[in-house]
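In full-length UniProt numbering, the protein residues as written are 1 to 1067.
What follows is a short report on a single structure.
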């Protein structure tokens, strides 16, 4: 192919794009814009484009007759020709119609009237001339483009007829006088008559159209528009067809319709415009300018695809949502002119990363041509087949469960195949080397229904009531604690019931059993658990006791579940409490962080929520809420509070057989499970959502009230009697102790809980070092999501950065290798019964540091897939830091002052082995190596509880060795700021002794004091060079331990210095 042909093809492509854009814009333009000047200006442009395209086509045919290129195979020329002819024909018709309407007619009879005529004829013609002028003025006032109301059209038609009637009558008299001899008058009359007839027909036609529209047009509900670009196109098209172009609605009514359909940002954009006919055009133009934005629409569609969450558990809902979001976004992109075919492989690749491992493996196995680039249509077809299969399976399972549960006796007999598959000495989940992301997922058949899932995920098993589930477990002879079969060997699961902490699975928990003394297994790091000391012993003697309690009453409050839109456009299900007595709406801080919405500043104090004292709010949010059962939506402003109320209901209870709610769609389907409340909805929402339906049960049944969000339940309930079976004398004693009537115990403050937890979990090794545990919140294991993917991604980005900066890379590798060599970090192995968290890491340069120029910080604030970070799931601990001002003032009273700091203080304190998997990182020394996993064995900088654990351990060391070094122990507790020692003495001899005692005391805890400075040389004489500071300046640091306060101490001159940086551009 010659260079000339290539150049012509490029020019042809540019011309084709111009034609396509021209035609697209013409179709989008409103009919009111397409006037005579518009058409006259654009027709020559289209003709010019087409002539250039046709001429260049002839040249291309001569230069390159080979028909194999896409230009010929796609028949570009004929398709373009058809497009141009269609648009040109439409433009010509529009122009012809306008010219026919606007053709000029002479209404002036003065040239016809002459002196030679009889005076009577002259009078008639003069009168007719005046009536012609009146008709002309009446027709000039008619504008059918703007006249849409039926009564206006009828009034214009009536006026036109009243003007024509005397003209027609007078014409007969003139004809009688002239006897048809004046051809000029007759021609003028017929022209005027034609124009009158044409105008009358157009008005009558529009009246008929309006009347017909009123009778036949279906009632269409326009969806609300809140400013989401992805919803704009559908909203605009539907609004234009139903309201904007509706001839029977005037502009004031259109303005009213428009403003009632706007919400959120879109409503605020036009809120300054009052409802009037004059403001309508301005209002509509404002919306068009803001949201008729192809770039923003494109971004919205792409974000909808890329923000799809990673599928954790494949089911019909998740797969269907992925399929529908991709399909809707592609249709939206196509509507704005984006070629979605070319971008299909890229979108397919992005979606592979959103699939779970199992579904991705199944899709890869079904790819027809694995060597070709990914096919988006193939992926969509696969997703459709998968979610339809899940829906069919779910429906059949549900029908099967209904038929089984209809029988009063639940008799289950295990099948023979189960005994062959699951009877072994090991856990059946240990027989497989392959694990999914969740270690509960096992490759094997369920012993209950023989499907590919474990027993705890079996719909038949989960759908049964507690007694039936216990019967199934007994018949299957599986472990009550882990729900697996491992013969007579001891169960290796460290989990216990989440309701009562007993040795059975939570699915087997009966809420009617009295909670006995919990049996502690291996600790999980939850400071609400009480660990067993090594000295405890348990002697079991066979015995039993039964207890029957009195009936209890639970007051059921009106809880609901609703969807709330988050910052990424997805809906998050929150739990709310309807409070008719509240004037405001409230949301918890945890829920607000989960939504990630932009906060508004609000200074307010709210009392009576969560505590008896008033509490300052943390701002406010505007929430878009939606029913979990329907499309009902509403918006509210909610004030952010730390906590709203305790879990509701106060305790989990078993659902009762209340006939009145059997077939109701409940607003809170899990009303019987004690859970946190995220929202408190006040009287405003309460009055909006209430409906007429109400059902009342018996004395022990709740009242059901119908709302827009579903049926809500409230009222007094009667819980069942309490039955307990105890198996040893020690437990019987403890049982009666727990049955004594006592005053209600209040929860300890978090700081006290942290302190108790530290005392119960801290351990001191034979070397003198301490091992501690992070104080995790009670439900940390449930809330912790997956983190390996984000940590790996951030490490690969860090690796590229290090490749570009060899000096930084060398320091980074030295830091990590030192971590490993000192034993502060070890290779990680997968342990299925432990929580895992991968921490991204980055370097912080400290140019003024005399030891470590680079510090690697491990980011425990990086959120996992659940939206919670490791720092979110641990307590900070009480503030043990002394006030810096008081510390400095006391220090300057000493005659002989000295300072030092603890070398790598955090890393001198170990983390318990079962929590080290929460501090995993990804690392490798070279991109040529495989990625490796390491876990840190010590307290790491960046953890929320790190500062408290370090300072609390210093206090523990002082307490443990106080008998050896009493004065040094006192200094350790009161004269340290973070890791810096700031102390002294008024006696040189005592100062030297105190210095040595401090070194020995900290050495006994595995810590080293270094960087010594003093205002007297005697205090530095006996120290080695690596213990002394290399500079005479000591900088006071903040609690963050990396930043200085700008205050320094020159030890040789014994003076304070203040440091600050002057900007270069200061004048």
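Glycine included, every Cβ here is placed at the ideal spot set by N, Cα and C.
Because the structure is a prediction, the values reported are computed rather than measured.
Checklist entry - What's the C-alpha gap between residue 1056 and residue 897? => result Taking the chain shown and counting its residues from 1, the one referred to as residue 1056 is at position 1056. Taking the chain shown and counting its residues from 1, the one referred to as residue 897 is at position 897. Each residue's alpha carbon lies about 13 Å from the other.
Checklist entry - Is residue 84 helix, strand or coil by DSSP? => result As a first step, residue 84 must be located in the chain shown, where it is residue number 84. Three-state result, residue 84: helix.
Next on the checklist: On the criterion of 16 or more Cβ atoms from any shown chain inside 10 Å, does residue 585 qualify as buried, or is it exposed?
Outcome noted: Walking along the chain shown from the start, residue 585 turns up at place 585. Buried, because 16 or more other Cβ atoms sit within 10 Å of the Cβ of residue 585.
Item to check | Host beta strand (DSSP E) of residue 142 (start-end) | outcome: One-based indexing of the chain shown puts residue 142 at position 142. Taken as a continuous stretch (DSSP letters only), residue 142 belongs to no beta strand (DSSP E), as it is neither H nor E.
Next on the checklist: If we require 4 or more residues per run, which alpha helix (DSSP H) segments fall completely within the stretch 301–353?
Outcome noted: 316–335 and 344–352
Item to check | C-beta contact flag for residue 327 and residue 230 at 8 Å | outcome: Here residue 327 refers to the residue found at position 327 when the chain shown is read from its first residue. Here residue 230 refers to the residue found at position 230 when the chain shown is read from its first residue. No. Outside cutoff.
Item to check | Spatially closest choice to residue 621 from 564, 644 and 631, by CA coordinates | outcome: Residue 621 sits at position 621 when you count from the first residue of the chain shown. The option with the nearest alpha carbon to residue 621 is 564.
Checklist entry - How would you label residue 1071, buried or exposed, when you count the other beta carbons within 10 angstroms and need 16 or more for buried? => result Residue 1071 is absent from the model: the chain starts at 1 and stops at 1067.
Next on the checklist: For residue 1010, list the residues DSSP reports as bridge partners.
Outcome noted: Counting from one through the chain shown, the residue named residue 1010 turns up at place 1010. DSSP, once it has assigned bridges, lists 901 as partnering residue 1010.
Checklist entry - Ordered along the chain, which non-local residues of its own chain (more than five positions away) have a Cβ less than 6 Å from that of residue 167? => result Residue mapping note: residue 167 aligns to position 167 of the chain shown, counting from 1. Answer for residue 167: 131, listed in chain order.
Checklist entry - Quick one: what does DSSP say residue 825 is sitting in, helix, strand or coil? => result Position 825 of the chain shown, counted from the start, is the residue given in the question as residue 825. Residue 825: strand per DSSP, three-state reduction.
Checklist entry - Rounded to the nearest angstrom, how far is the Cβ of residue 559 from that of residue 668, given a contact under 8 Å? => result Locating residue 559 in the chain shown gives position 559, where the first residue counts as 1. Locating residue 668 in the chain shown gives position 668, where the first residue counts as 1. At roughly 4 Å, the Cβ-Cβ gap stays under 8 Å, so residue 559 and residue 668 are in contact.
Item to check | residue 544 classed as buried or exposed, judged by whether at least 16 other C-beta atoms fall within 10 angstroms | outcome: Taking the chain shown and counting its residues from 1, one reaches residue 544 at position 544. Legend: pLDDT at residue 544 = 37, less than 50; position of this residue unreliable, value from coordinates given subsequently. Classification of residue 544: exposed, given that the 10 Å Cβ count is below 16.
Checklist entry - Counting Cβ pairs, one atom from each stretch, are 3 or more of them under 8 Å apart for the stretch 306–313 and the stretch 233–248? => result no
Checklist entry - Is residue 481 closer than 8 Å to residue 1069 when the C-beta atoms are compared? => result Only positions 1 to 1067 of the chain appear in the structure, and residue 1069 is not among them; the question remains open.
Checklist entry - Between the stretch 817–834 and the stretch 875–882, do three or more beta carbon pairs fall short of 8 Å? => result no
Next on the checklist: Considering just the uninterrupted stretch of the alpha helix (DSSP H) at residue 255, what are its terminal residues?
Outcome noted: What you label residue 255 is simply residue 255 of the chain shown in a count that begins at 1. That run of the alpha helix (DSSP H) goes 251–260.
Item to check | Integer Cβ distance of residue 777 from residue 839, believed to fall under 8 Å | outcome: Taking the first residue of the chain shown as position 1, residue 777 is located at position 777. Taking the first residue of the chain shown as position 1, residue 839 is located at position 839. About 18 Å; that fails the 8 Å criterion.
Checklist entry - Hey, how far is the Cα of residue 616 from the Cα of residue 590? => result Locating residue 616 in the chain shown gives position 616, counting from the first residue. Locating residue 590 in the chain shown gives position 590, counting from the first residue. So the alpha carbons of these two residues sit roughly 16 Å apart.
Item to check | Opposing strand residues paired with residue 576 [DSSP bridges] | outcome: Taking the first residue of the chain shown as 1, we reach residue 576 at position 576. Answer is 560 and 679.
Next on the checklist: At the level of alpha carbons, what is the spacing between residue 753 and residue 675?
Outcome noted: Here residue 753 refers to the residue found at position 753 of the chain shown. Here residue 675 refers to the residue found at position 675 of the chain shown. One C-alpha to the other measures close to 21 Å.
Checklist entry - With 16 other CB atoms within 10 Å as the buried threshold, where does residue 336 fall? => result What you label residue 336 is simply residue 336 of the chain shown in a count that begins at 1. Exposed.
Checklist entry - alpha helix (DSSP H) containing residue 70: first to last residue? => result Taking the first residue of the chain shown as position 1, residue 70 is located at position 70. Residue 70 -> alpha helix (DSSP H) spans 70–73.
Checklist entry - Can you tell me whether DSSP reads residue 673 as helix, strand or coil? => result Mapped onto the chain shown, residue 673 falls at position 673. DSSP places residue 673 in coil when its eight states are reduced to three.
Checklist entry - For residue 871, which option in 184, 259, 125 and 780 has the closest C-alpha, if you only look at C-alpha atoms? => result Walking along the chain shown from the start, residue 871 turns up at place 871. Nearest of 184, 259, 125 and 780 to residue 871, Cα basis: 780.
Checklist entry - Which two residues bound the contiguous beta strand (DSSP E) that contains residue 841? => result Here residue 841 refers to the residue found at position 841 when the chain shown is read from its first residue. Start and end: 841–845.
Checklist entry - Relative to the ligand HEM, is the shortest distance from any of its heavy atoms to the C-beta of residue 567 smaller than 7 Å? => result No copy of the ligand HEM occurs in the structure displayed, which carries no ligand at all.
Item to check | Distance CB(residue 825)-CB(residue 936) smaller than 8 Å | outcome: Counting from 1 along the chain shown, the entry for residue 825 is found at position 825. Counting from 1 along the chain shown, the entry for residue 936 is found at position 936. Contact: yes.
Checklist entry - Is the number of C-beta pairs between the stretch 883–896 and the stretch 810–823 that are closer than 8 Å three or more? => result no
Checklist entry - CB residue 1014 to CB residue 1051, shorter than 8 Å? => result Position 1014 of the chain shown, counting from 1, holds the residue named residue 1014. Position 1051 of the chain shown, counting from 1, holds the residue named residue 1051. Yes.
Checklist entry - Helix or strand or just coil, what does DSSP make of residue 1049? => result Position 1049 of the chain shown holds residue 1049. Reduced to three states, the DSSP call for residue 1049 is strand.
Checklist entry - What span of residues does the alpha helix (DSSP H) with residue 691 cover, start to end? => result As a working mapping, residue 691 is identified with position 691 in the chain shown. Element bounds for residue 691: not the alpha helix (DSSP H) but the beta strand (DSSP E), 690–696.
Item to check | CA-to-CA distance, residue 713 to residue 660, given in whole angstroms | outcome: Start at 1 with the first residue of the chain shown, and residue 660 comes out as number 660. Start at 1 with the first residue of the chain shown, and residue 713 comes out as number 713. Computed Cα separation, rounded: 11 Å.
Item to check | Reference residue 929; option with closest CA among 228, 796, 350 and 87 | outcome: Counted from its first residue, the chain shown places residue 929 at position 929. The residue with the shortest Cα to Cα distance from residue 929 is 796.
Item to check | Whole-angstrom C-beta distance between residue 268 and residue 224, which should lie under 8 Å | outcome: Position 224 of the chain shown, counting from 1, holds the residue named residue 224. Position 268 of the chain shown, counting from 1, holds the residue named residue 268. No, residue 224 and residue 268 are not in contact; Cβ-Cβ is about 14 Å, not under 8 Å.
Next on the checklist: Can you look up residue 637 in the DSSP assignment and give me helix, strand or coil?
Outcome noted: Looking up residue 637 in the chain shown gives position 637. If DSSP states are grouped into helix, strand and coil, residue 637 belongs with the strands.
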